[in-house]
Every structure is written in C-alpha cells, then in structure tokens.
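Q: Residue numbers for the sequence shown follow my numbering, beginning at 12 and rising by one.
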Amino acid sequence: MAGAGTGKTRTLIHRVAHLIGRGVPAGRILLLTFTRRASQEMIDRCQQLVGPASQQVQGGTFHGVAHRLLRRFGPSVGLPADFTILDGSDASDLMGLGRAALGYGVAKPGAPRFPRAETLQSLYSRQVNTDKPIADILAEGWPHFLAWAGDIELVFADYVKRKAERNLLDYDDLLLSWALLLEHDASIAHQIRELYEHVLVDEYQDTNPLQSRILRGLCTHGRLTVVGDDAQSIYAFRGATIRNILDFPYTFPGTQVVTLEQNYRSVPPILDTSNALIARATERYTKQLWSDRTGGEPPWLVTLRDEHDQTKFVVERILELHEEGVPLNSMAVLFRAGYLSADLEIELANRRIPYEKWGGLKFLEAAHVKDVIAFLRVLENPRDELSWYRLLRLLPGVGDATARLAIETLAAHNWEPIVLGSVPVSARARDGMRALAALLDGLQRAGATGPGETIAIVRQLYDGLLRSIYDDSHVRLADLDQLETIAAGYEDRRSLLDALALEPPSNTQDLAVGGDGEDDALILSTVHSSKGKEWDVVFVIHAADGVFPMARAAGDEAQVEEERRLLYVAMTRARDQLIVTYPLHSYSTRTGADFAYGQLSRFLDPGVRATMQRVTVGVEPPQALPAPREGPHVDLRALLRGRFNT
12 MAGAGTGKTR TLIHRVAHLI GRGVPAGRIL LLTFTRRASQ EMIDRCQQLV GPASQQVQGG
72 TFHGVAHRLL RRFGPSVGLP ADFTILDGSD ASDLMGLGRA ALGYGVAKPG APRFPRAETL
132 QSLYSRQVNT DKPIADILAE GWPHFLAWAG DIELVFADYV KRKAERNLLD YDDLLLSWAL
192 LLEHDASIAH QIRELYEHVL VDEYQDTNPL QSRILRGLCT HGRLTVVGDD AQSIYAFRGA
252 TIRNILDFPY TFPGTQVVTL EQNYRSVPPI LDTSNALIAR ATERYTKQLW SDRTGGEPPW
312 LVTLRDEHDQ TKFVVERILE LHEEGVPLNS MAVLFRAGYL SADLEIELAN RRIPYEKWGG
372 LKFLEAAHVK DVIAFLRVLE NPRDELSWYR LLRLLPGVGD ATARLAIETL AAHNWEPIVL
432 GSVPVSARAR DGMRALAALL DGLQRAGATG PGETIAIVRQ LYDGLLRSIY DDSHVRLADL
492 DQLETIAAGY EDRRSLLDAL ALEPPSNTQD LAVGGDGEDD ALILSTVHSS KGKEWDVVFV
552 IHAADGVFPM ARAAGDEAQV EEERRLLYVA MTRARDQLIV TYPLHSYSTR TGADFAYGQL
612 SRFLDPGVRA TMQRVTVGVE PPQALPAPRE GPHVDLRALL RGRFNT
C-alpha cells in the first residue's frame, strides 16, 4: 500500500532486482503496468542494479501482454494469428454498422431513442470489463435506455459476429480472450502459467474486475506482488473498481500487506492537508503520510468573487513565481474537467504565456492520420471493411451507397483491390477507384516494404486528396511527416499497427499538439491526466460543490468518495506550494448561462480548512464607460456592408 509520493516505482524496481538476485530467471518475471513506457523505464532502472539480465523481464500493459499471448496461442483455439486490433473509434463504427443493419438506425415514432453507436461501444466495454448484466449497467449510468436492454444485447451479438467474420479484435477482446483461455483451456492455461514464475502489477487500484479475474487465473501459484494506493483510485468511469485493492487480502488469502507512508515529494504542510482530506473517506487502508523535508507554508485556500477574478489571480501568481525563478514547466493548474480551463486559456493567450494542455484530441485520433493508417490496415487485413469504407469515402464522387457497393464487390472477389476498377460508378468516381486499386495492388505485389516506405508510397495518392479536403492541409501534412518518421522505426507494418493500436508511441501526442515547441511552458491538466506527475507549484481551481464533487455524483456515495480521492490526487501533485481556489460565482461556457456555486466543496470541511491558509481576494468592479455624446454619427452597418460593394 504505497501512499502518494512514497516511492512505489522504486519499490517495484527493487522487488524485481531482488527476485533476479535470488536466482529467479529474469525472463520468467512478468511486470504489468498501465503504460508500456512505464514498464520499460522500470526495467531500464533495474539494469543499474542487476545488469543486462533485467532486459529479459517480460514487461508491458495488460493489453500488450494479452496481445502477445493471443498471437502465440490463438491459432490453437481458432483465432488466426493475423487478426487486426480495432481502436476505439473503429470499434464504434463497426457497432454502428450492426445497429443500422438491425433496424435501430432510424427513430421509431413513439419509441424511446436507441443508444448511438459510441454509447453502445461504451456499454459493451463496461459489460466486458465488469461482467455485470446489461440491465444493471444501464440502471447505473443510462437508465433512460433500460427499455432497450434486450435489443442492445442483440446488437452486441451482431458486433461479436462481425468481428469474427472480419478477423478483428477490439481492446476488450484482448483481455477477455486471455481470461477465457485461462479458465477454459487447461493445456494452454498451464503453458501460460509456466511462462511466469512471478507476477508484479503496478497501479493496482486502477484495475477492473476482468483484470483481477486474469490475475486469479494466472497466479494460482500465489507469487503475486501488487503496488497501489486505494486513496488514488479514480478510474471507475473506465470500469476500474476500488474493491480490487480493498478486497485483495480476501481474494488472495495469505497476503502480506506492506504500507509505505514516508513521502519524498511534498513539504509537511501539504501532507497535513492531504491527510486530513482523505481521513474522511468512508472505507480505506489507514495511512498517514509524513516527510522529513523541512519548511514549507500551509496550502492556500483562496476565495474569489468570480471565475474571472480566479483567472486573474492565478495568472498574476504564476507571473510572480516565474519572476522569482520558478520555471513555468514546474507549475501546473489542475481542474476537474477540460472545459473549466476555458477562461484561463484565453487569458494566458492574451498575456502570451506559453502553456501546454494535457488532454484533448490525440494524434492518432486525427482524421488525416487515421486515413493513412487505414491504408496500412487494408494491406495487412484485406477483410477490414471499416478501413475500406474510410478509404473509399475519401475519393471524389464516392458517397455512402457507392462505397458500400464497392465493398460488396470486393467481398465477392476475395478482397482483391484490382476489382475496384470494375465497380459500376460515375466517371468522376471511377478515376479515383482505379488509382486506389492500382496503389494497393502494387503494394501487395511488392511484398514486404517497410512501414515508413509504405506510407511514403501511400502519400503519393493521399496528399493530393488531403489538400482537396482540408483547408489547413499544411498542418496536417506536417503531422504525416511525423507519422512517416515514427513508422520508419518499426520492422514491419503489423508491428507498427499493433503498437499504434495498443499504445501510441510516447511522442506522437506531443508531436500533434500543434504548439510552438516551448520547453518552458505552464502545464494545464485535468486531474485524471495529472496522475503520477508532480510539480513545484500546483493550483487546483474551481474547488466548489458541483465540481468537487461533480453534480452528477450527488446521491451516489461511491461516486462522491471517488470525487474525494480525485481532489486528494490533485493536492498530492504539489512539492512546495499548493494553492486551491474557489470562485463564489462562475460562468458556464458550456451552457452560456451564469450560475452561482452555492458553497465551497464539501470535502474542504472545517477540519481540512484548519490546515490551510485562508486568502480572500476582492477586485474592484471596473468603472463604467461614459455615455456617448449626442451628435451626428456614422452608420456602422453601412460601412461594414460597403467593404464588399462593387
């Protein structure tokens, strides 16, 4: 049980080194983390302790390890080894095809609305990862769709069938298939268990029931080490459950619980406030964080008149600290949801203060990047109907009906690209189809070109299409340059596609942010995106009921407790100074309406506030502009119109 800032990563690294030093073969140690980068960094640091042997440690994410196992054992159980992995948006698209084919794409008079494809995909993922009945999941988060429970299951059945027909797996299938192999195929389960003599898991508080199920099937030998912090369990919306870590000693009898409480990050006053906050949790492992750091001032609790005053205060304080020598990238502003930073972003832009916002559109979610990836996916899996549809819709003169006709023709001719030239279409569409067919047929005949070279060839056709589709083509072309560079680092197309689907390379999102490359930039982040990070100075804005906790959590004790943990995570990111701000009145950029928060966050009760320094900031209202003087005036509208009169 590793409290915030107590060195859990170092603990895991030394545990791995200890096992290797004790004679456990490094290749039979499995290290499961939530990012591929995290596992590789741990293995690299372990090498400093035990030498090159640590590079044999089997590390990766749950999904990454499941992927490797399915490539190896899948053919024995009827799963072709050349399956393609669907990303989230493509999975939603495939779900949408089934939704439409079953007649749920058109609203029926008098009937309640049927869930959209994206919602259906979320429901499916939640069902797979939690193993709850659909009706229960709907009752918890989507009660207005309860009447459709049976119909939703029909769409799910169709979705599973479509994936099998097209040799596709989604993220959830990777984990579910791993669990099913452990539970239903004794021979393969034995072989998988033999691969791993010891299993270590990072961030265990963020695991879901399906991942716990995998560990129960994998670790029948009991040689399992997990590291986590119940106070930082904040991913219930992804299906994670705090019960996994709270109930771990009962799930795995004989567990030894080791508690880490010395914090190496924060000054004591910040820990005093954080401890007071989490002590109010209804159920938790008791931990009292402490530090041998000295000094530091109590966290500030700043009350302001409104959101604009909050923005002005935060910006002025950031500039003061920067003038005192604190780098911008050593400061962060954290918020509960992305839209809450809108006013702040405008002011930062006006002041020309560089900032980087964590969250938002990811590089691989951009349409032009997905277009190019679709070319690679069709080459690797010609039955990938979604990628075919995406490519065909890029072509001039090709609409939905024409694209579907072309796909039917491809399916009837063993998915050979060259048959596109025989599809009965307009002259405008025919040229594009023939060009696409020639490109793909040529690449297939050329054999194993590297992924970087393949993208370069694809761009001979695609770059022209991109220029005709997007006004900002120069920005998007630069993104494709970066994608081509990334691709050149992979041995073949399949390894590139697998890496992009399972976990994008660490630099792709940075490359796609579109910023100006500022090294010293202020960090703006949702609390969820800040987890695992730390800064010298942290601002937590909008500390009000309705935000901490969010209004939708009201009435649900479990959700309210998760919101408390979210605020705890935000506070424990700070090393030297923590500033929590609370505007008495705020403006909703989402609804366009003014609204007043009724009170300070319920989590900042008198006991917590007693550990903080109270600051109240009042700003004089701006002076009203003088009334215009009487006299002749121009017709402004006429002047505006006149700019375009000929």
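Positions of the beta carbon are idealized from the N, C-alpha and C atoms, including for glycine.
Tell me the DSSP bridge mates of Ser-536?
A: On the sequence shown, position 525 is the one that residue 536 refers to. Paired residues: Leu-345 and Trp-369.
Q: Near Pro-86, what residues of its chain come up, given a Cβ to Cβ distance below 7 Å and the 5 sequence neighbours on each side ignored?
A: Here residue 86 refers to the residue found at position 75 of the sequence shown. Ala-92.
Q: From the DSSP output, in three-state form, read off Met-623 for me.
A: For this step, residue 623 is matched to residue 612 along the sequence shown. Coil.
Q: If you draw a straight line from the alpha carbon of Asp-527 to that of Gln-222, how long is it in whole angstroms?
A: In the sequence shown, residue 527 corresponds to position 516, counting from 1. In the sequence shown, residue 222 corresponds to position 211, counting from 1. Any reading at Asp-527 must be qualified, since the residue scores a pLDDT of 43, below 50, and its modelled position is unreliable; the value itself is stated next. Between Asp-527 and Gln-222, the C-alpha separation is close to 40 Å.
Q: Taking 8 Å as the cut-off, does the segment 201 to 221 touch the segment 427 to 443 (at least 3 CB pairs, one atom from each stretch)?
A: Output reads no: the segment 201 to 221 does not touch the segment 427 to 443.
Q: Counting along the chain, where does the beta strand (DSSP E) carrying Trp-426 start and finish?
A: The count along the sequence shown starts at 1 and reaches residue 426 at position 415. Counting along the chain, Trp-426 falls outside any beta strand (DSSP E), and DSSP gives it neither H nor E.
Q: Between which two residues does the alpha helix (DSSP H) containing Thr-694 stretch?
A: Missing from the structure shown is residue 694; the chain here goes from 12 to 657 and no further.
Q: What are the start and end residues of each continuous alpha helix (DSSP H) run of 4 or more residues lying completely inside the segment 181 to 205, in chain order?
A: Listed in chain order, they are 182 to 195.
Q: Can you confirm whether the segment 160 to 173 touches the segment 137 to 150 when touching is taken to mean that 3 or more C-beta pairs between the two stretches lie within less than 8 Å?
A: Touching, yes.
Q: DSSP puts Tyr-593 in a beta bridge; with which residues?
A: Numbered from its first residue, the sequence shown carries residue 593 at position 582. Answer is Thr-314.
Q: Would you report the Cα separation of Glu-391 and Gly-458, rounded to the nearest angstrom?
A: For the purposes of this step, residue 391 is taken as residue 380 along the sequence shown, with counting starting at 1. For the purposes of this step, residue 458 is taken as residue 447 along the sequence shown, with counting starting at 1. Taking the straight line joining both Cα atoms gives about 11 Å.
Q: Spell out the partners DSSP gives Phe-125 in its beta bridges.
A: In the sequence shown, residue 125 corresponds to position 114, counting from 1. The partner list for Phe-125 (beta bridge, DSSP) is empty, contrary to what the question assumes.
Q: Between the segment 101 to 119 and the segment 185 to 204, do three or more beta carbon pairs fall short of 8 Å?
A: Not touching, per the Cβ criterion.
Q: Going by C-alpha to C-alpha distance, which of Ala-77, Gln-216 and Pro-643 sits closest to Tyr-246?
A: Translated into the one-based positions of the sequence shown, residue 246 becomes position 235. It is Gln-216 whose Cα lies nearest to the Cα of Tyr-246.
Q: Tell whether a beta-carbon distance below 8 Å holds between Val-268 and Met-12.
A: The sequence position of residue 268 within the sequence shown is 257, counting from 1. The sequence position of residue 12 within the sequence shown is 1, counting from 1. In this structure, Met-12 lies closer than 8 Å to Val-268 by Cβ.
Q: Buried or exposed for Leu-651, going by 16 or more other Cβ atoms inside 10 Å?
A: Here residue 651 refers to the residue found at position 640 of the sequence shown. With fewer than 16 Cβ atoms within 10 Å of its Cβ, Leu-651 is classed as exposed.
Q: Confirm, please, whether the CB-CB distance from Ser-103 to Gln-132 is below 8 Å.
A: Position 121 of the sequence shown, counted from the first residue, corresponds to residue 132. Position 92 of the sequence shown, counted from the first residue, corresponds to residue 103. Taking 8 Å as the Cβ cut-off, Gln-132 and Ser-103 qualify as a contacting pair.
Q: Taking the alpha-carbon positions, what's the Asn-255 to Thr-44 distance?
A: Along the sequence shown, one-based indexing puts residue 255 at 244. Along the sequence shown, one-based indexing puts residue 44 at 33. Going from the Cα of Asn-255 to the Cα of Thr-44 covers about 16 Å.
Q: What residue does the beta strand (DSSP E) around Thr-236 start on, and which one ends it?
A: As a position in the sequence shown, residue 236 is number 225, starting the count at 1. Its beta strand (DSSP E) spans residues 235 to 237.
Q: Following the continuous alpha helix (DSSP H) through Gln-69, name the residue where it begins and the one where it ends.
A: In the sequence shown, the residue the question calls residue 69 occupies position 58. Run containing Gln-69: none in the alpha helix (DSSP H); it sits in the beta strand (DSSP E), 69 to 71.
Q: With three or more C-beta pairs closer than 8 Å as the rule, is the segment 318 to 330 touching the segment 558 to 573?
A: Output reads no: the segment 318 to 330 does not touch the segment 558 to 573.
Q: Please report the straight-line C-alpha distance between Phe-655 and Asp-646, rounded to a whole angstrom.
A: Taking the sequence shown and counting its residues from 1, one reaches residue 655 at position 644. Taking the sequence shown and counting its residues from 1, one reaches residue 646 at position 635. Between Phe-655 and Asp-646, the C-alpha separation is close to 16 Å.
Q: Using CA atoms only, rank isn't needed, just tell me which of His-553, Tyr-366 and Lys-544 is closest to Gln-610.
A: Translated into the one-based positions of the sequence shown, residue 610 becomes position 599. Gln-610 has its Cα closest to that of His-553, out of His-553, Tyr-366 and Lys-544.
Q: On a CA-only basis, which of Gly-543, Ile-590 and Gly-306 is nearest Val-580? Give me that one, please.
A: Working through the sequence shown from its first residue, we reach residue 580 at position 569. Nearest of Gly-543, Ile-590 and Gly-306 to Val-580, Cα basis: Gly-543.
Q: Rounded to whole angstroms, what's the CA-CA distance from Tyr-350 to Arg-445? Just pull it up for me.
A: Looking up residue 350 in the sequence shown gives position 339. Looking up residue 445 in the sequence shown gives position 434. Approximately 45 Å between the Cα atoms of the pair.
Q: Buried or exposed: where does Tyr-593 fall if 16 or more other Cβ atoms within 10 Å of its Cβ makes it buried?
A: As a working mapping, residue 593 is identified with position 582 in the sequence shown. Burial call: buried.
Q: Find the nearest neighbour of Gly-410 within the set Leu-431, Arg-394, Leu-421 and Ala-440, judged by alpha-carbon distance.
A: One-based indexing of the sequence shown puts residue 410 at position 399. Out of Leu-431, Arg-394, Leu-421 and Ala-440, Ala-440 has the C-alpha closest to the C-alpha of Gly-410.
Q: Let's see if you can read the secondary structure: which residues bound the beta strand (DSSP E) around Phe-156?
A: Translated into the one-based positions of the sequence shown, residue 156 becomes position 145. Segment: none, Phe-156 is in no beta strand (DSSP E) and carries neither H nor E.
Q: Could you give the distance in angstroms between the alpha-carbon of Arg-563 and the alpha-carbon of Arg-291?
A: Along the sequence shown, read from residue 1 onward, the residue named residue 563 stands at position 552. Along the sequence shown, read from residue 1 onward, the residue named residue 291 stands at position 280. Each residue's alpha carbon lies about 21 Å from the other.
Q: Any idea which residues DSSP pairs Leu-375 with across the strands?
A: Position 364 of the sequence shown, counted from the first residue, corresponds to residue 375. DSSP output for Leu-375 lists no bridge partner at all.
Q: Are the beta-carbon atoms of Leu-229 and Leu-191 separated by less than 8 Å?
A: Position 218 of the sequence shown, counting from 1, holds the residue named residue 229. Position 180 of the sequence shown, counting from 1, holds the residue named residue 191. Contact: no.
Q: Gly-300 and Gly-14: beta carbons closer than 8 Å?
A: To locate residue 300, count along the sequence shown from 1; it is residue 289. To locate residue 14, count along the sequence shown from 1; it is residue 3. Correcting the residue type first, residue 300 is Leu in the shown sequence and not Gly. In this structure, Gly-14 lies closer than 8 Å to Leu-300 by Cβ.
Q: Quick check: what's the CA-CA separation for Ala-510 versus Arg-362?
A: In the sequence shown, counting from the first residue as 1, residue 510 sits at position 499. In the sequence shown, counting from the first residue as 1, residue 362 sits at position 351. Looking at the two C-alpha atoms, the distance is approximately 39 Å.
Q: I'd like to know if Tyr-400 contacts chain D, where contact means its C-beta is closer than 8 Å to some C-beta of that chain.
A: Structure shown: chain D not included; a single protein chain is present.
Q: Exposed or buried, which one is Ile-253 when buried takes at least 16 other CB atoms within 10 Å?
A: To locate residue 253, count along the sequence shown from 1; it is residue 242. By the 10 Å Cβ count, Ile-253 comes out buried.
Q: Buried or exposed: Val-486, going by 16 or more other Cβ atoms within 10 Å of its Cβ?
A: Walking along the sequence shown from the start, residue 486 turns up at place 475. By the neighbour-count rule (16 or more Cβ atoms within 10 Å), Val-486 is not buried but exposed.
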